[in-house]
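K.L.:
Number 149 in our numbering belongs to position 149 of the sequence shown; there are no gaps in the numbering.
Note that CB positions come from ideal geometry on N, CA and C, so glycine has one too.
Small disclaimer: the values here were computed from a predicted structure and weren't measured.
Right, I'll just put the structure down here and ask away after.
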Amino acid sequence: MLDKKYEAERIEKKWHKKWDKAGIYNFSPDSDKKVYSIDTPPPFTSGTLHMGHIYNHVWIDIIARYKRMRGYNVYLPQGFDCHGLPTELRVEKELGVRRENRDEFLEKCKEWTDTAIKRMIDQFRAIGYSADWNYSYRTMDDSYKALVQKTLLIFYKKNLLYREKHPVIWCPKCETALAKAEVGYIEKEGKLYYIDLDVDGHKLTIATTRPEMMPSCVAVFVHPKDERYEKFVGKKAKLPIFDREVPIMADDAVDREFGTGVVYLCTFGDEQDIAWQKKYDLPVIESIDEKGNMTKAAGRYAGLSIEEARKKISEDLIEGGYIRKIEKFRHNVLSHTERGSCKTPIELLPMEQWFIRVRESISDIIEAAKEMNWYPEYMLQRLIDWSEAMDWDWIISRQRVFGTPIPFWICSCGEIIPADESELPVDPRGTRKKCPRCGKQATGEKDVCDCWVDSSVTPLIISRWDSDPGFFNRTYPSSLRPQGYEIIRTWAFYTIYRNLILTGRPCFKDLVINGMVSGP
Numbered sequence: 001m002l003d004k005k006y007e008a009e010r011i012e013k014k015w016h017k018k019w020d021k022a023g024i025y026n027f028s029p030d031s032d033k034k035v036y037s038i039d040t041p042p043p044f045t046s047g048t049l050h051m052g053h054i055y056n057h058v059w060i061d062i063i064a065r066y067k068r069m070r071g072y073n074v075y076l077p078q079g080f081d082c083h084g085l086p087t088e089l090r091v092e093k094e095l096g097v098r099r100e101n102r103d104e105f106l107e108k109c110k111e112w113t114d115t116a117i118k119r120m121i122d123q124f125r126a127i128g129y130s131a132d133w134n135y136s137y138r139t140m141d142d143s144y145k146a147l148v149q150k151t152l153l154i155f156y157k158k159n160l161l162y163r164e165k166h167p168v169i170w171c172p173k174c175e176t177a178l179a180k181a182e183v184g185y186i187e188k189e190g191k192l193y194y195i196d197l198d199v200d201g202h203k204l205t206i207a208t209t210r211p212e213m214m215p216s217c218v219a220v221f222v223h224p225k226d227e228r229y230e231k232f233v234g235k236k237a238k239l240p241i242f243d244r245e246v247p248i249m250a251d252d253a254v255d256r257e258f259g260t261g262v263v264y265l266c267t268f269g270d271e272q273d274i275a276w277q278k279k280y281d282l283p284v285i286e287s288i289d290e291k292g293n294m295t296k297a298a299g300r301y302a303g304l305s306i307e308e309a310r311k312k313i314s315e316d317l318i319e320g321g322y323i324r325k326i327e328k329f330r331h332n333v334l335s336h337t338e339r340g341s342c343k344t345p346i347e348l349l350p351m352e353q354w355f356i357r358v359r360e361s362i363s364d365i366i367e368a369a370k371e372m373n374w375y376p377e378y379m380l381q382r383l384i385d386w387s388e389a390m391d392w393d394w395i396i397s398r399q400r401v402f403g404t405p406i407p408f409w410i411c412s413c414g415e416i417i418p419a420d421e422s423e424l425p426v427d428p429r430g431t432r433k434k435c436p437r438c439g440k441q442a443t444g445e446k447d448v449c450d451c452w453v454d455s456s457v458t459p460l461i462i463s464r465w466d467s468d469p470g471f472f473n474r475t476y477p478s479s480l481r482p483q484g485y486e487i488i489r490t491w492a493f494y495t496i497y498r499n500l501i502l503t504g505r506p507c508f509k510d511l512v513i514n515g516m517v518s519g520p
């Protein structure tokens with residue numbers, strides 16, 4: 001006889017217990033059934049599951065259950081993406097531990113993550129999600145970090161991983177380098193300043209949204225076919241306030257229709273500045289530091305924040321009679337958009353960073369992606385568009401604490417010393433290693449990996465690529481990669497690329513791309 005009242009919690013617990021005891025969701029590696037493997041999205045562990053996670057995993061679960069009913073040996077592991085800035089911020093804010101106390105901070109990050117994962121597993125179980133928890137993984141586990149570091153050593157041996165000083169996308173609020181996939185444009189209300197420069201007693205007016213960049217100005221550019229400014233090319237323009245002269249040059253990349261058609265090159269205001277600096281071998285003046293404050297190169301404005309410097313420099317230019325006019329101006333500002341709580345305008349700062357060569361493999365990535373089935377089909381074009389638009393290699397180093405350490409030591413003589421594979425996982429931070437070239441003690445790399453370096457090897461982790469050839473051959477490539485459209489340019493792109501380099505073949509058979517749950 002049925003109960004008069006349905007007690008959902010009691011009944012669900014009863015059936016969960018039955019299902020667990022029967023092992024009906026367990027993957028059977030020795031079964032003769034055809035394997036259907038799913039490379040599930042590992043959620044960030046900085047909080048709890050939200051409606052977006054439930055939306056994603058319910059339809060993943062529907063596919064898994066359907067395939068089981070069709071007689072497949074379904075492999076549905078579930079991982080957790082542990083590292084990253086959100087967890088660090090939570091630990092600092094809620095536990096009051098600062099990242100400067102590295103050992104204690106790391107321990108608290110792990111404790112926080114352990115608690116979050118337990119909570120998330122309970123949530124997954126509560127919705128009846130049919131993962132095989134015997135095969136779960138965490139990116140902070142030693143085995144996972146060892147595999148990530150092993151892949152970096154392989155990339156280094158293949159000359160696909162390198163370190164150099166280069167202008168990088170930098171978030172002054174989060175104080176870390178970012179990949180292009182982590183930033184986007186936000187439309188904002190700003191001002192366009194028309195500033196007069198002196199050229200042999202004549203006025204040459206530039207238009208800029210960033211007068212605070214003037215301390216790092218190294219040249220002024222006009223279009224070679226702009227008759228208004230032909231007489232100025234080859235001369236020197238004097239920067240107001242800073243009493244310094246810079247060359248006036250001509251280049252086809254100048255937009256004659258923007259402002260006055262005269263722009264100044266500052267190192268570095270945007271990517272065009274980077275291109276011009278390299279093309280014409282111009283000097284580099286670093287006037288903004290990692291915290292978003294003005295450096296000594298800014299003279300009396302040193303120590304001011306970017307916003308403070310913009311206000312003070314514009315006031316001084318007005319007082320000196322150098323500003324012709326100021327217009328209100330709506331423009332797109334490149335910002336740290338991947339983390340919704342940040343959205344800080346980024347800076348381009350010259351810094352030593354680690355890069356993975358990806359641009360030279362674009363055609364191979366696209367060909368590998370085309371071998372996979374995309375649902376819906378048009379989502380493939382998003383990956384192609386992103387791939388073909390790339391003009392920088394992948395910056396993989398992050399100035400954080402809770403992450404997979406980059407397994408190298410750097411000597412003052414310039415030698416880079418990789419870890420031995422037998423040492424993995426290794427944390428070189430705060431350690432030294434003898435340099436084979438000069439005999440000095442090399443310093444351990446202090447930066448950690450971008451979290452996409454971790455998550456881009458999920459097909460290798462779940463298939464036991466480096467430890468069980470038989471298991472790997474049965475579960476790789478993954479039958480299905482389910483994911484959101486917003487991370488095609490990150491998780492899909494980086495995974496396809498890294499696995500192609502490491503295994504020589506595509507990592508998925510099918511990709512199913514879902515939309516998003518809109519917030520209020």
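(1) I need the straight-line Cα distance from G190 to D251, nearest angstrom please.
(2) In this structure, does DSSP put F155 in helix, strand or coil?
(3) Counting pairs of Cβ atoms below 8 Å between the stretch 488-500 and the stretch 456-469, do you hit three or more?
(4) For T176, does the three-state DSSP call read helix, strand or coil?
(5) Decide if F258 is buried, meaning its Cβ has at least 16 other Cβ atoms within 10 Å, or exposed.
(6) Name the DSSP beta bridge partners of D81, please?
(7) If you pair each beta-carbon of the stretch 149-161 with each one of the stretch 99-118, do three or more pairs fall below 8 Å?
(8) Report the partner residues of R481 according to the DSSP bridge assignment.
(9) Could you check the C-alpha separation between L349 and C217 for me, to the nearest Å?
(10) Cβ atoms of L89 and K108: under 9 Å apart, would you say?
(11) Mind checking which residues open and close the alpha helix (DSSP H) that includes Y66?
(12) Just the Cα atoms here: how many angstroms apart are T404 and H83?
(13) At a threshold of 8 Å, does P428 count as lining the ligand GDP (C-beta to nearest heavy atom)?
(14) Which residue or residues does DSSP assign as beta-bridge partners of Y375?
(15) Rounded to a whole number of angstroms, what is the C-alpha to C-alpha distance between D273 and D281?
(16) Please list the terminal residues of the continuous beta strand (DSSP E) segment that includes N473.
(17) When you compare only the Cα positions, how much space is there between W386 and R10?
(18) Starting from the N-terminal side, write out each stretch of the beta strand (DSSP E) that is 3 residues or longer and does not extend beyond the stretch 293-347.
(19) Quick one: give me the first and last residue of the beta strand (DSSP E) that S409 is part of.
(20) Does H166 come out as helix, strand or coil in the three-state DSSP assignment?
(21) By alpha-carbon positions, which one of R256, M214 and P345 ends up nearest to A241?
(22) If the criterion is Cβ atoms closer than 9 Å, does the pair C451 and C413 meet it?
(23) Given 8 Å as the limit, is there contact between the stretch 470-480 and the stretch 373-385, that is, 3 or more CB pairs closer than that?
(24) Could you give the distance in angstroms between the alpha-carbon of T410 and the alpha-carbon of Y144?
(25) Using DSSP bridges, identify the partner residues of V246.
(26) Would you identify the three-state DSSP class for I117, choosing helix, strand or coil?
(27) May I have a chain-ordered list of the beta strand (DSSP E) segments no shorter than 3 residues that lie completely inside the stretch 248-286?
(28) Nearest CA to the CA of Y229: which residue from L239, R210 and V263?
(29) By DSSP's criteria, W354 is part of a beta bridge. Which residues make up the other side?
(30) What separation, rounded to the nearest whole angstrom, lies between the Cα atoms of Y494 and R429?
(31) Quick one: what does DSSP say Q441 is sitting in, helix, strand or coil?
(32) Tell me the rounded alpha-carbon separation between I365 and P425.
(33) Alpha carbon to alpha carbon, what distance is there between K150 and I356?
(34) For I513 and P77, which I take to be in contact (beta-carbon distance under 8 Å), what is that distance rounded to the nearest angstrom?
(35) Pairs of beta-carbons, one from the stretch 171-178 and one from the stretch 280-300, closer than 8 Å: are there three or more?
(36) For Q277, which option in K203, H166 and S305 has the closest C-alpha, if you only look at C-alpha atoms?
P.N.:
So, from the listed chains and residues:
(1) 26 Å
(2) helix
(3) yes
(4) strand
(5) exposed
(6) F44
(7) no
(8) L511
(9) 14 Å
(10) no
(11) M51 to M69
(12) 8 Å
(13) For the ligand GDP, the structure offers nothing, since it holds no ligand at all.
(14) V512
(15) 11 Å
(16) Element bounds for N473: not the beta strand (DSSP E) but the alpha helix (DSSP H), P469 to T475.
(17) 49 Å
(18) 323-335
(19) Checking the sequence, you will find Trp at residue 409 rather than Ser. Taken as a continuous stretch (DSSP letters only), the beta strand (DSSP E) holding W409 covers F408 to I410.
(20) strand
(21) Contrary to the premise, residue 241 reads as Ile rather than Ala in this sequence. Minimum Cα distance to I241 is reached at M214.
(22) no
(23) no
(24) The question names Thr, but residue 410 in the sequence shown is Ile. Computed Cα separation, rounded: 24 Å.
(25) A237
(26) helix
(27) 263-266
(28) V263
(29) R163
(30) 26 Å
(31) strand
(32) 29 Å
(33) 14 Å
(34) That belief does not hold up - the Cβ atoms of I513 and P77 are roughly 20 Å apart, past 8 Å.
(35) yes
(36) H166
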